[in-house]
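The structure under discussion appears below in the form of structure tokens.
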Amino acid sequence: MKKSMYGKYGGQFVPEVLMPALTELEEAYDKYKDDKDFLEELDYYMKEFAGRETPLYFAKNLSKKYGIKIYLKREDLVHGGAHKLNNTIGQGLLAKYMRKKRIIAETGAGQHGTATAMIGANLGFETEVYMGAKDVERQHMNVYRMELMGSKVNSVESGSRTLKDAINEALRDWVTNVENTHYLIGSVVGPHPYPMIVRDFQSVIGNEVKKQIMEKEGRLPDSIVACAGGGSNAMGIFHPFIDDKDVRLFPVEAGGCGLKNTNKEALHSASLSVGEEGILQGAYTKILQDEYGQILESSSVSAGLDYSGVGPELAHLADIGRIEPRYVTDDEALEAFYELSRNEGIIPALESSHAIANVMKMADDGELGELVVISLSGRGDKDLETVFKLKEMEA
Amino acid sequence: MRIHDKFSELDEKDEKALIAYVCAGDPSFEETKEIVKSLINAGADIIELGLPFSDPVADGPTIEAAAQRALEAGMNPDRYFELAADIDTDIPLVCMTYYNLIYQRGLEKFAEDCVNVGIRGIIVPDLPAEEADDLHNACKENGIDLIFLVTPVTDNRRMETILNKTSGFVYVVSRLGVTGTRSDVARSTKDILDRIDTDVPKAVGFGISDKEQAAEVISEGADAVIVGSAFIKIIASGENVNERVETLARELKEACRTEN
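Quick mapping for you: the protein sequence lines, in order, are chains G and U.
Heads up: the first sequence begins at 1 in my numbering, then just goes up one per residue.
Heads up: the second sequence begins at 1001 in my numbering, then just goes up one per residue.
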């Protein structure tokens, strides 16, 4: 097996012009990931800038209501309001060590864009973010945040005007400016080495959980539940537990309006659950596509899960049965959004609400066991407008 | 006619090749046929017929828009091969498309379908040499050229690997970036042409849109010029398309005849 592969998934399906940059990135990562100075600086930023470690919070009201012990890994408390900063700190430092002058990023919900803008401002990079026009509309507070920190935000009008199209546009920027620019991918997607690098920087989530749950419960959890669009918070919390076979791992995808497709569009974003093998944006993975291989537009109430592909390692882990994909619909996610807000006084991101919804759904059937950890990947402030609009439409 | 034979024929006449790109089905099945006819009338030596993909990451806005128009007009791989079969010519056709469309059809079947309709080469901009062994084999078995790209940032070691694999011609990306028209010829063009040590013809693309640029690229050592976005822009305008495409192609071909 090539080292760029996870089983049959992964690879480097990119224009020739990017191959040297991928090699350069891989070599730099190999060199610095065990470098004392790099690791010290990474550690410093994780503590002092991001605010780690984040609490593993016992959700006593939810636990009581659903009859199992529920812990929330509070990535919503990371600076910026989501787990995304873990990765942008790592890659931002890597870009600095690689002497790049400029960083670019794609963003869906705007959380990764914001986290890129933060590290960009802090480390002094020229920063540009690509964001689908549809996402710019539904997440414009994040656009203001990015601009406030000195990033240029480019609204992408092509295709479905969401995350997939933002990645296309970022790739086009990168092929043009590859010599001085680092493309700071925000999820475990794209060509090797990105899925590995992003996973490694996000693994801080799972590593902390492992230590914290041992302190609090003296044992590993029965299950871990995380939402998955591209899959970065899921891989981050799952990865340190892959060899702990007794811990069941559930990625939860966006079921949107149900697992159906129209001619050009999927009404969901559940590529792990119902996608088929193919090549999208640099990787061989599970994707939503038509009979010819044209990519279907995905759909979800949550911008951060609205993606037609999924990380190749997740596709592999699902194939071998190590992770067990589930999905919840928009309505179920919204219900969970209210449920956590009312019961625990924590407003979750709509993305993370999918993970919570799945626990609410499955708590009774025993699948989760007695002790479950949910990755609360982000906070919901950015989603208030979306939720209020939906509420008005209902009324 | 195989691509190699075309270049041999041109060599004897002391001419360079004009490779013209259009996107199949833009703006419609029938109109593409007429446009290709105009290109051939004007003396285009090879037609690069794009099979549109929903997410063309190597293309700039001009060709991306063409792909979207074609997809909306109903173009798909089945219709694509029908269209290619309808083009009555003995000059080589080359298919340019993204890997997922080839993969989903099946590599063998895709290569066979190409042969059956007179497509003699395939260019896949998101398939670097490292990932190309399977398609390379399928092409070989069917006597089709798999054409690889080299760029200004391709180092000499990679260059050697790629030149060993490419056949028909090598696609020289003369500048960093996506497809599209530019007002000047990249300074990197000569550097990269000088670095390419091969018997395979060198075809320069990305950014060439008029006869002056074509002449310049040829004077720097190219065996062929590839022009796409400039034709697509005429097609997108919808005005006197066939006539204007033919005029531009004639001018470009003229530059391929005289600037040796």
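From the three backbone atoms N, C-alpha and C, an ideal C-beta is built for every residue, glycine too.
Note that the structure is predicted; figures quoted are calculated from it, not measured.
(1) Output, in chain order, the set of chain G residues within a Cβ distance shorter than 7 Å of residue 1125 (chain U).
(2) So, does the CB of residue 1148 (chain U) fall closer than 9 Å to a CB anywhere in chain B?
(3) Identify whether residue 369 (chain G) lies in helix, strand or coil by the three-state DSSP scheme.
(4) My guess is that residue 1126 (chain U) and residue 1099 (chain U) are in contact by the Cβ rule of under 8 Å, so how many angstroms apart are they, rounded?
(5) When the distance is taken between beta carbons, is residue 285 (chain G) closer than 9 Å to residue 310 (chain G)?
(6) Based on Cα-Cα distance, which residue from G:91, G:78, G:255, G:50 lies nearest to residue 199 (chain G)?
(7) At which residue ranges does the region 1095-1181 of chain U contain complete beta strand (DSSP E) runs of 3 or more residues, listed in the order of the chain?
(8) For chain U, find out if any of its Cβ atoms is closer than 9 Å to the Cβ of residue 178 (chain G); answer yes or no.
(9) Hey, residue 162 (chain G) and residue 132 (chain G) are a contact pair by Cβ (cut 8 Å); roughly how many whole angstroms apart?
(10) Starting from residue 145 (chain G), trace the alpha helix (DSSP H) both ways and give me its first and last residue.
(11) Hey, is residue 159 (chain G)'s beta-carbon within less than 9 Å of any beta-carbon in chain U?
(12) In angstroms, rounded to a whole number, what distance separates the CA positions of residue 1078 (chain U) and residue 1025 (chain U)?
(13) Taking 8 Å as the threshold, find out whether the region 224-240 of chain G comes into contact with the region 360-379 of chain G through three or more Cβ pairs.
(14) Under 9 Å between C-beta atoms, does residue 1025 (chain U) make it to chain G?
(15) Which of the residues in the region 356-374 of chain G, read from start to end, lie with their CB under 7 Å from any CB of chain U?
(16) Sorted by chain position, which residues of the same chain lie with C-beta nearer than 7 Å to residue 1004 (chain U)'s C-beta, five sequence neighbours on each side aside?
(17) Alpha carbon to alpha carbon, what distance is there between residue 88 (chain G) and residue 102 (chain G)?
(18) Along chain U, which residues have their Cβ under 8 Å away from the Cβ of residue 19 (chain G)?
(19) Just the Cα atoms here: how many angstroms apart are residue 1016 (chain U) and residue 1224 (chain U)?
(20) Take residue 71 (chain G) as the anchor and find which of G:318, G:333, G:359 has the nearest alpha-carbon.
(21) Since residue 168 (chain G) meets chain U, which of its residues come closer than 9 Å, beta carbon to beta carbon?
(22) Have a look at G:282, G:269, G:12, G:136 and flag the residue whose alpha-carbon is nearest the alpha-carbon of residue 298 (chain G).
(23) Assuming residue 86 (chain G) and residue 110 (chain G) are in contact, meaning their beta carbons sit under 8 Å apart, how far apart are those beta carbons, in whole angstroms?
(24) Please confirm if the region 1131-1149 of chain U is in contact with the region 1102-1119 of chain U, defined as three or more CB-CB distances below 8 Å between the two stretches.
(25) How is the alpha helix (DSSP H) around residue 1069 (chain U) delimited, first residue to last?
(26) In chain order, what residues of the same chain lie with their CB nearer than 8 Å to the CB of residue 382 (chain G), ignoring the 5 residues before and after it?
(27) Quick one: does residue 380 (chain G) have its CB under 9 Å from some CB of chain U?
(28) If we count the other Cβ atoms within 10 Å of its Cβ and call it buried at 16 or more, is residue 218 (chain G) buried or exposed?
(29) Got a sec? Which residues, its chain only, sit under 7 Å from residue 965 (chain U) by beta carbon, not counting five neighbours each side?
(30) Given that residue 164 (chain G) touches chain U, what residues does it touch there, using C-beta distances under 8 Å?
(31) Near residue 1254 (chain U), what residues of its chain come up, given a Cβ to Cβ distance below 8 Å and the 5 sequence neighbours on each side ignored?
(32) Quick test of your reading: residue 170 (chain G) and residue 94 (chain G), contact by CB under 8 Å. State the CB separation rounded to the nearest angstrom.
(33) To the nearest angstrom, report how far apart residue 1245 (chain U) and residue 145 (chain G) are at their CA atoms.
(34) Under a CB-based cut-off of 9 Å, is residue 278 (chain G) close to chain U?
(35) Using DSSP with H/G/I as helix, E/B as strand and the rest coil, what is residue 292 (chain G)?
(36) Is residue 1184 (chain U) close to chain G? Criterion is C-beta to C-beta, closer than 9 Å.
Result, derived from the coordinates:
(1) 15
(2) In the structure shown, chain B cannot be found, because the protein chains are G and U.
(3) coil
(4) 5 Å
(5) yes
(6) G:91
(7) 1119-1123, 1145-1147, 1170-1173
(8) yes
(9) 4 Å
(10) 140-148
(11) yes
(12) 12 Å
(13) yes
(14) no
(15) none
(16) 1168
(17) 13 Å
(18) 1128, 1130, 1154, 1158
(19) 5 Å
(20) G:359
(21) 1055, 1056, 1057, 1064
(22) G:269
(23) Incorrect: roughly 17 Å between the Cβ atoms, too far for contact.
(24) yes
(25) 1061-1072
(26) 81, 109, 110, 111, 139, 141, 142, 349
(27) no
(28) exposed
(29) Past the boundaries of the shown model lies residue 965 (chain U); chain U is included only from 1001 to 1260, so the question cannot be answered.
(30) 1055
(31) 1211
(32) No, residue 170 (chain G) and residue 94 (chain G) are not in contact; Cβ-Cβ is about 17 Å, not under 8 Å.
(33) 47 Å
(34) yes
(35) coil
(36) no
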